[in-house]
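These notes are about the structure you will find just below.
Right, here's the structure in full:
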């Protein structure tokens, strides 16, 4: 007698959900496990991080952002993906979800044996007066990216305002500048990119101005003004009204966990769905991964919500292996992030000064000014490397790097030092790569470690 | 009563010796410690790794390769540096060295309380017939680089032959091609760069041909032919005679330990001066660092000789701290190296397949083909990442990376994994930097780790 076919239902057909689906399929053939995915959007498995580059025209081919289409999932992996279908309710007692077809509004219940929640994140949109004007966009999904690009093509705005200076805000500022728009960036903080310490953030502010961004720092947005046509006309702060023909909100995202919460799945202190290291939620047979799932920060020890494709892929892989009968765990995060700000490469990992203090560490910091290549080698450019170090033990708690070509991925060396709880003394001894076209004889990370060691001694 | 001034005498005024001198000076003022350095060459503290770029004209300013001049050492650090002075004998019983002025031949004894040996390495020159012809160069010291460049400028050779395909050989091949010489590379092995596994070396061979190098692989050099003017005219192998107007020997280097050995200092199995982790030799008051000093390979556990500026700087620093009354140790090496071969970046760390087997490991390997940026991002280029993994435990023993822009320094992530004895499973979990301009969502190193994990499972 053949095995009863079980059914895995995936909510959200992006990185986390489809990584899980693919891994489960590798371990369980279609005769054993039926896999079906629903997504409210119009794209499956795409690179959300690529959206600003699509809006700015650096990447022109929308299809290139899509890693796998529903057709590929169906034909190569026997996974059914239904786009334009939103799951609006989860009934765990019945083992079914209510799916609504977005276009027609039609609904039906779909049963499952295992449920994979990969609902991602939603942009933070504070309830400000005028926020429903046309031309105000969040940039979170590929559908959002398509909408911004279409709006710009249709209305040819001359002035853009970005609200918020997180990664997406900075990338969108660069995209709009590249399109020739007069671009303003508003943020309540004194420096852009609050995930950097202020000393490093100041370097980013310079880079933003370099390619033409007009900064309005230390100004909280109070609301929006719209014209008689209902389209956004200005961004109102406590100090001024900045004329705007298109606005992008880059105020960060929050985990899209409401659906799971309504179904009785436990939500963690970060607002994301609580999961164990195997990506199991509080309810048997319900898994979560990606932006909607909580992560453990390995250095602070705290539960955190971090929206990033690389985590979503890894967590989805772990969930899928476990779903398929294997064993895998997700070890947590340390907050590594890199971004491009014009010619500048910006990177961070672990804890910054303030984060480390908030987590109960007493810290010191060392900053080294260095070059990306040997000083005499053509193309050598400035690079600033900061290490945040626990006082007393010398343990590396975090690092930040701002510099030109080749700077960003050097953070990986710091990330591995943080990950392995190395001291600066240990890091200083590590045999990193050296050749004049790629590094000075003291690699910038080692130069910072040496400075930290000298300070500790 | 003032303290008796002690005297530190340094043999070799390059990276190791002068790092030691500088660190010792930071801890001991001139009234306590007199520091004097002798070097047989004409330059102090220079970048030997920069020499091929100086010969090829990528770097034009000779002075830019010199980190610190004797004047700077004297004025800023109260360290006396005597260039053109060769130490020809060490008498440890008397606590003195015999110094010979190279130009005049004059000699005198110089006393010391502490002796720092930083004599570096010398190129391997097998005793082949005809090897004393003019126009055959080793490229080890900056004086060598100046000599090659002068010879090329004077004789305008049309054909160059490089013997040996180590790092310096490859860099010199690129330099000669850039100068417009017909450039031949001869090596007894089937692939260039034997420090890579053959599968990765094949990619390097393609890159060498790409910029015009004519490869003669699998051919041992038997001797050299000279013209009636005494200048080299050909390189003779078992199969052919390759016409040559200038020849560079890139057969590697060996530790320059003869002087120390003759004085009764213990030499290790690698041929380099045996030292402990504080850079003390077998004789009290005698220190050694840099290319002439033996290192411990942390993965094989074996004593090795590795000539590389980054080690020389670190070891010199450690010796100088200890000399100055502090405490520091050098933890050993793992064989990390990077180089540029035309548009290709080549990197390795830890043990290769054959090295791991020789060290007693049973290994598996995983190779991932990936891109340096997100596939859709402009400039994404091919990158091949190989991990050498211990069978059973999954421990990362080594890695090799060959790829285009941004490939080389990614080896640092692998180096830190090797350094910390991480398993591929652990490495796969690490939070490395991701953004489309700098990495695909699965970083190439993680892609290789994932492949290795899949293979182990």
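Protein chains in written order, with our numbering: chain A, 1 to 457; chain B, 458 to 914. Note that CB positions come from ideal geometry on N, CA and C, so glycine has one too.
Could you tell me which of the options sits nearest to residue i, measuring between CA atoms?
i: residue 82 (chain A); options: A:14, A:248 and A:208; result: A:14
i: residue 508 (chain B); options: B:604, B:547 and B:476; result: B:604
i: residue 553 (chain B); options: B:541, B:497 and B:717; result: B:717
i: residue 384 (chain A); options: A:197, A:321, A:94 and A:155; result: A:197
i: residue 270 (chain A); options: A:306, A:281 and A:244; result: A:306
i: residue 631 (chain B); options: B:515, B:524 and B:535; result: B:515
i: residue 427 (chain A); options: A:107, A:442 and A:151; result: A:442
i: residue 559 (chain B); options: B:581, B:495 and B:829; result: B:495
i: residue 892 (chain B); options: A:188, A:439 and A:310; result: A:310
At what residues does the alpha helix (DSSP H) containing residue i begin and finish?
i: residue 176 (chain A); result: 167-178
i: residue 77 (chain A); result: 70-77
i: residue 901 (chain B); result: 901-913
i: residue 768 (chain B); result: 766-780
i: residue 145 (chain A); result: 142-155
i: residue 868 (chain B); result: 868-876
i: residue 580 (chain B); result: First-last for residue 580 (chain B): 578-580, but that is the beta strand (DSSP E), not the alpha helix (DSSP H).
i: residue 482 (chain B); result: 472-484
i: residue 209 (chain A); result: 198-210
i: residue 259 (chain A); result: 258-262
i: residue 810 (chain B); result: 810-815
Compare the C-beta of residue i against all C-beta atoms of chain B and say whether one is closer than 7 Å.
i: residue 50 (chain A); result: yes
i: residue 126 (chain A); result: no
i: residue 56 (chain A); result: no
i: residue 313 (chain A); result: yes
i: residue 339 (chain A); result: yes
i: residue 162 (chain A); result: no
i: residue 411 (chain A); result: yes
i: residue 433 (chain A); result: yes
i: residue 46 (chain A); result: no
Against chain A, does residue i count as a neighbour if the rule is that its beta carbon must be under 7 Å from one of theirs?
i: residue 533 (chain B); result: no
i: residue 600 (chain B); result: no
i: residue 607 (chain B); result: no
i: residue 776 (chain B); result: no
i: residue 877 (chain B); result: yes
i: residue 756 (chain B); result: no
i: residue 580 (chain B); result: no
Could you tell me the alpha carbon to alpha carbon distance between residue i and residue j, rounded to whole angstroms?
i: residue 890 (chain B); j: residue 404 (chain A); result: 16 Å
i: residue 390 (chain A); j: residue 350 (chain A); result: 12 Å
i: residue 129 (chain A); j: residue 358 (chain A); result: 33 Å
i: residue 374 (chain A); j: residue 626 (chain B); result: 20 Å
i: residue 254 (chain A); j: residue 122 (chain A); result: 6 Å
i: residue 113 (chain A); j: residue 875 (chain B); result: 42 Å
i: residue 683 (chain B); j: residue 594 (chain B); result: 14 Å
i: residue 93 (chain A); j: residue 143 (chain A); result: 33 Å
Use the C-beta contact count for residue i: other C-beta atoms within 10 angstroms, 16 or more gives buried, fewer gives exposed.
i: residue 325 (chain A); result: exposed
i: residue 313 (chain A); result: buried
i: residue 88 (chain A); result: exposed
i: residue 499 (chain B); result: exposed
i: residue 210 (chain A); result: exposed
i: residue 465 (chain B); result: buried
i: residue 76 (chain A); result: exposed
i: residue 119 (chain A); result: buried
i: residue 608 (chain B); result: buried
i: residue 476 (chain B); result: buried
i: residue 792 (chain B); result: buried
i: residue 784 (chain B); result: exposed
i: residue 754 (chain B); result: buried
i: residue 612 (chain B); result: exposed
i: residue 663 (chain B); result: exposed
Would you kindly report the start and end of the unbroken beta strand (DSSP E) that includes residue i?
i: residue 508 (chain A); result: In the structure as shown, chain A starts at 1 and stops at 457, and residue 508 (chain A) therefore has no counterpart that could be examined.
i: residue 671 (chain B); result: 671-674
i: residue 137 (chain A); result: 136-138
i: residue 371 (chain A); result: 363-371
i: residue 511 (chain B); result: It is not in any beta strand (DSSP E) - residue 511 (chain B) instead sits in the alpha helix (DSSP H) that spans 508-512.
i: residue 712 (chain B); result: 710-712
i: residue 573 (chain B); result: 571-574
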